[in-house]
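Chains as they are written, first to last, in this note's numbering: chain A, 4 to 144; chain B, 273 to 597. C-beta atoms are modelled at their ideal positions from N, C-alpha and C, and glycine is treated no differently. Every value quoted in this text rests on a predicted model; they were computed, and no experiment measured them. Here the structure comes first, spelled out in structure tokens, and everything after it is commentary.
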């Protein structure tokens with residue numbers, strides 16, 4: 004009987020690494036934690052371009068696109084991703100960022116339209132909770 | 273807060289090949305949203321054009337890599353390709369890590385390719401009903417070829433053969449002795465065998481063993497499909513053109529021999545049975561819970577046998593089914 008609503012409300016997340024950034028230990032831990040919380044997690048692998056990630060996210064129709072950046076290129080990559088989503092009429096997608104990002108930039112990223120920044124020390128449960136909250140706030144689509 | 277577009281509206285756009293519409297409708301069929309059914313019924317009439325190829329094999333055989341290379345071949349030949357890539361769900365949380373895209377990186381940003389990752393959600397045989405709906409959506413969206421990459425199967429999960437026009441089984445060298453090849457199951461379901469990683473020295477042994485096995489099961493006669501063994505190597509970019517040609521030959525064979533009619537009937541049967549199973553399961557869970565509990569109790573106490581309980585439940589279900597579905 005545990006099959007009840009087995010498909011309903013499964014949150015789909017894409018986790019992406021963009022650009023010259025080979026650090027994927029963190030993003031794999033997050034992927035595992037989200038899976039264990041019952042979410043479907045599409046992982047892109049390393050060294051993707053913003054175009055590749057946005058096109059993949061649109062095809063996968065994910066609720067949340069999470070981008071992990073430890074390269075310091077966040078102020079360059081997030082605007083590009085947001086612009087591409089807009090061009091593909093997919094700007095209703097929730098955008099989350101994680102990794103190493105200075106406080107001043109966090110402010111600016113929120114103003115730009117990134118929905119959530121979760122920095123490197125965020126406990127997995129907090130990521131899970133905030134993803135669920137973000138999807139709940141968005142409502143049905 | 274979002275403006276929800278109706279599934280019927282999206283269905284119209286699917287026929288124009290609109291990526292967002294296809295993607296969103298796949299999400300809705302996967303969530304079991306009842307609102308999508310009418311739209312899917314409409315779209316089903318526009319399907320049946322795409323050649324559906326199932327790619328299966330043991331975990332680690334190289335299915336995702338092979339799909340990537342095969343898609344590139346199709347693109348070079350001017351055809352568009354939809355891919356449904358299936359990965360296992362966790363039996364504990366129900367969640368899944370869908371990693372097939374990692375190896376398909378070079379395929380994105382080409383409008384002639386659409387890749388969708390899906391989870392098994394615990395279905396036996398690895399092929400859930402929503403995956404077949406996704407195939408319909410890609411078919412209706414105008415993709416010439418639809419590839420279904422299954423989860424890594426063992427020896428008995430042969431669902432794919434009842435859902436695809438052509439089944440490709442990917443074998444990797446060094447994964448077992450010849451006894452593995454005699455075993456039924458994945459060996460027999462192949463229309464085409466691939467031996468991946470053919471740059472490896474032990475691949476020849478695998479190729480020879482497979483060929484020997486196929487010789488043994490070969491029925492003599494005119495017009496019988498002879499299952500080819502195609503070696504491929506992604507390392508050397510070799511064999512994928514041959515694989516595409518073998519799939520095309522098989523498609524021609526199906527048409528010429530008339531076997532295609534039987535395959536289509538088989539696929540239709542699979543589809544109907546899968547939906548019926550799902551309706552029954554959902555009903556068990558939703559509509560007849562108190563009765564289910566009561567019957568389970570009786571079965572536990574050995575007052576009623578499982579078969580008797582199942583028949584009772586199905587009879588009760590008949591009343592409720594047309595209302596909820």
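Distance between residue j and residue i (C-alpha atoms, nearest Å)
{"i": "residue 534 (chain B)", "j": "residue 524 (chain B)", "result": "15 Å"}
{"i": "residue 304 (chain B)", "j": "residue 472 (chain B)", "result": "45 Å"}
{"i": "residue 463 (chain B)", "j": "residue 522 (chain B)", "result": "8 Å"}
{"i": "residue 8 (chain A)", "j": "residue 583 (chain B)", "result": "Low local confidence applies: a pLDDT of 45 at residue 8 (chain A) is under 50, so the model's placement there is unreliable, with the coordinate-based value given in what follows. So the two alpha carbons sit approximately 23 Å from each other."}
{"i": "residue 454 (chain B)", "j": "residue 103 (chain A)", "result": "With a pLDDT of 49 at residue 454 (chain B), under the threshold of 50, the modelled position of that residue is not reliable, and no figure is offered here."}
{"i": "residue 139 (chain A)", "j": "residue 527 (chain B)", "result": "50 Å"}
{"i": "residue 427 (chain B)", "j": "residue 564 (chain B)", "result": "At residue 427 (chain B), the pLDDT of 49 sits below 50, so the modelled position is not reliable and the matter cannot be decided from this model."}
{"i": "residue 380 (chain B)", "j": "residue 575 (chain B)", "result": "59 Å"}
{"i": "residue 494 (chain B)", "j": "residue 519 (chain B)", "result": "20 Å"}
{"i": "residue 144 (chain A)", "j": "residue 478 (chain B)", "result": "49 Å"}
{"i": "residue 45 (chain A)", "j": "residue 100 (chain A)", "result": "15 Å"}
{"i": "residue 375 (chain B)", "j": "residue 387 (chain B)", "result": "12 Å"}
{"i": "residue 556 (chain B)", "j": "residue 488 (chain B)", "result": "46 Å"}
{"i": "residue 399 (chain B)", "j": "residue 126 (chain A)", "result": "35 Å"}
{"i": "residue 329 (chain B)", "j": "residue 444 (chain B)", "result": "9 Å"}
{"i": "residue 340 (chain B)", "j": "residue 377 (chain B)", "result": "8 Å"}
{"i": "residue 94 (chain A)", "j": "residue 552 (chain B)", "result": "38 Å"}
{"i": "residue 309 (chain B)", "j": "residue 29 (chain A)", "result": "40 Å"}
{"i": "residue 431 (chain B)", "j": "residue 137 (chain A)", "result": "37 Å"}
{"i": "residue 321 (chain B)", "j": "residue 414 (chain B)", "result": "8 Å"}
{"i": "residue 335 (chain B)", "j": "residue 312 (chain B)", "result": "29 Å"}
{"i": "residue 543 (chain B)", "j": "residue 469 (chain B)", "result": "34 Å"}
{"i": "residue 424 (chain B)", "j": "residue 548 (chain B)", "result": "26 Å"}
{"i": "residue 587 (chain B)", "j": "residue 580 (chain B)", "result": "11 Å"}
{"i": "residue 461 (chain B)", "j": "residue 434 (chain B)", "result": "9 Å"}
{"i": "residue 91 (chain A)", "j": "residue 119 (chain A)", "result": "21 Å"}
{"i": "residue 52 (chain A)", "j": "residue 59 (chain A)", "result": "11 Å"}
{"i": "residue 88 (chain A)", "j": "residue 590 (chain B)", "result": "47 Å"}
{"i": "residue 106 (chain A)", "j": "residue 585 (chain B)", "result": "60 Å"}
{"i": "residue 331 (chain B)", "j": "residue 480 (chain B)", "result": "22 Å"}
{"i": "residue 504 (chain B)", "j": "residue 482 (chain B)", "result": "14 Å"}
{"i": "residue 598 (chain B)", "j": "residue 422 (chain B)", "result": "The requested residue 598 (chain B) is not part of the displayed model; chain B covers only 273 to 597."}
{"i": "residue 289 (chain B)", "j": "residue 566 (chain B)", "result": "50 Å"}
{"i": "residue 4 (chain A)", "j": "residue 280 (chain B)", "result": "Any reading at residue 4 (chain A) is ruled out, since the residue's pLDDT is 30, under 50, leaving its predicted position unreliable."}
{"i": "residue 287 (chain B)", "j": "residue 39 (chain A)", "result": "37 Å"}
{"i": "residue 142 (chain A)", "j": "residue 55 (chain A)", "result": "27 Å"}
Nearest-angstrom beta carbon gap, residue j and residue i [assumed within contact, 8 Å]
{"i": "residue 327 (chain B)", "j": "residue 420 (chain B)", "result": "7 Å"}
{"i": "residue 98 (chain A)", "j": "residue 85 (chain A)", "result": "7 Å"}
{"i": "residue 65 (chain A)", "j": "residue 16 (chain A)", "result": "6 Å"}
{"i": "residue 441 (chain B)", "j": "residue 466 (chain B)", "result": "7 Å"}
{"i": "residue 382 (chain B)", "j": "residue 347 (chain B)", "result": "7 Å"}
{"i": "residue 409 (chain B)", "j": "residue 297 (chain B)", "result": "5 Å"}
{"i": "residue 531 (chain B)", "j": "residue 390 (chain B)", "result": "With a Cβ gap of about 28 Å, residue 531 (chain B) and residue 390 (chain B) do not count as contacting."}
{"i": "residue 342 (chain B)", "j": "residue 546 (chain B)", "result": "Not confirmed; about 26 Å, so no contact."}
Member of the options whose CA lies at the smallest distance from the CA of residue i
{"i": "residue 508 (chain B)", "options": "B:337, B:418, B:317, B:359", "result": "B:337"}
{"i": "residue 368 (chain B)", "options": "A:18, A:113, A:37", "result": "A:37"}
{"i": "residue 392 (chain B)", "options": "B:356, B:410, B:283", "result": "B:356"}
{"i": "residue 314 (chain B)", "options": "B:514, B:412, B:571", "result": "B:412"}
{"i": "residue 19 (chain A)", "options": "A:80, A:41, A:39", "result": "A:80"}
{"i": "residue 35 (chain A)", "options": "B:365, B:438, B:542, B:476", "result": "B:365"}
{"i": "residue 284 (chain B)", "options": "B:323, B:510, B:317", "result": "B:317"}
{"i": "residue 325 (chain B)", "options": "B:407, B:282, B:350, B:290", "result": "B:407"}
{"i": "residue 438 (chain B)", "options": "B:289, B:538, B:510, B:280", "result": "B:538"}
{"i": "residue 22 (chain A)", "options": "A:135, A:114, A:71, A:96", "result": "A:71"}
{"i": "residue 48 (chain A)", "options": "A:24, A:83, A:74, A:109", "result": "A:24"}
{"i": "residue 112 (chain A)", "options": "A:133, A:141, A:128, A:76", "result": "A:76"}
{"i": "residue 116 (chain A)", "options": "A:74, A:129, A:78, A:27", "result": "A:78"}
{"i": "residue 69 (chain A)", "options": "A:39, A:128, A:96", "result": "A:96"}
{"i": "residue 345 (chain B)", "options": "B:512, B:496, B:578", "result": "B:512"}
{"i": "residue 385 (chain B)", "options": "B:362, B:295, B:405, B:363", "result": "B:295"}
Terminal residues of the alpha helix (DSSP H) in which residue i lies
{"i": "residue 53 (chain A)", "result": "53 to 63"}
{"i": "residue 436 (chain B)", "result": "Careful: residue 436 (chain B) lies outside any alpha helix (DSSP H) and carries neither H nor E."}
{"i": "residue 117 (chain A)", "result": "Taken as a continuous stretch (DSSP letters only), residue 117 (chain A) belongs to no alpha helix (DSSP H), as it is neither H nor E."}
{"i": "residue 280 (chain B)", "result": "279 to 287"}
{"i": "residue 133 (chain A)", "result": "127 to 141"}
Residue i - containing beta strand (DSSP E), residue span
{"i": "residue 465 (chain B)", "result": "464 to 467"}
{"i": "residue 70 (chain A)", "result": "67 to 72"}
{"i": "residue 84 (chain A)", "result": "Careful: residue 84 (chain A) lies outside any beta strand (DSSP E), inside the alpha helix (DSSP H) at 77 to 90."}
{"i": "residue 403 (chain B)", "result": "It is not in any beta strand (DSSP E) - residue 403 (chain B) instead sits in the alpha helix (DSSP H) that spans 401 to 412."}
{"i": "residue 481 (chain B)", "result": "Segment 475 to 488 is the alpha helix (DSSP H) holding residue 481 (chain B); no beta strand (DSSP E) there."}
{"i": "residue 391 (chain B)", "result": "385 to 391"}
{"i": "residue 377 (chain B)", "result": "Per DSSP, residue 377 (chain B) belongs to no beta strand (DSSP E) and is neither H nor E."}
Inset, instruction - For the stretch 296 to 372 of chain B, list the alpha helix (DSSP H) runs that are entirely contained and at least 4 residues long, ordered along the chain. - result: The stretch 296 to 372 of chain B contains these whole alpha helix (DSSP H) runs: 309 to 316, 335 to 348.
Legend entry - 4 or more residues per run - each alpha helix (DSSP H) lying fully within the stretch 10 to 51 of chain A: With a minimum length of 4 residues, the continuous alpha helix (DSSP H) runs that stay inside the stretch 10 to 51 of chain A are 28 to 39.
Inset, instruction - Return the chain-ordered ranges of every beta strand (DSSP E) run that is complete within the stretch 493 to 534 of chain B and spans a minimum of 3 residues. - result: The stretch 493 to 534 of chain B contains these whole beta strand (DSSP E) runs: 501 to 503.
Inset, instruction - For the stretch 552 to 595 of chain B, list the beta strand (DSSP E) runs that are entirely contained and at least 3 residues long, ordered along the chain. - result: Taken in chain order, the whole beta strand (DSSP E) runs of length 3 or more contained in the stretch 552 to 595 of chain B number zero.
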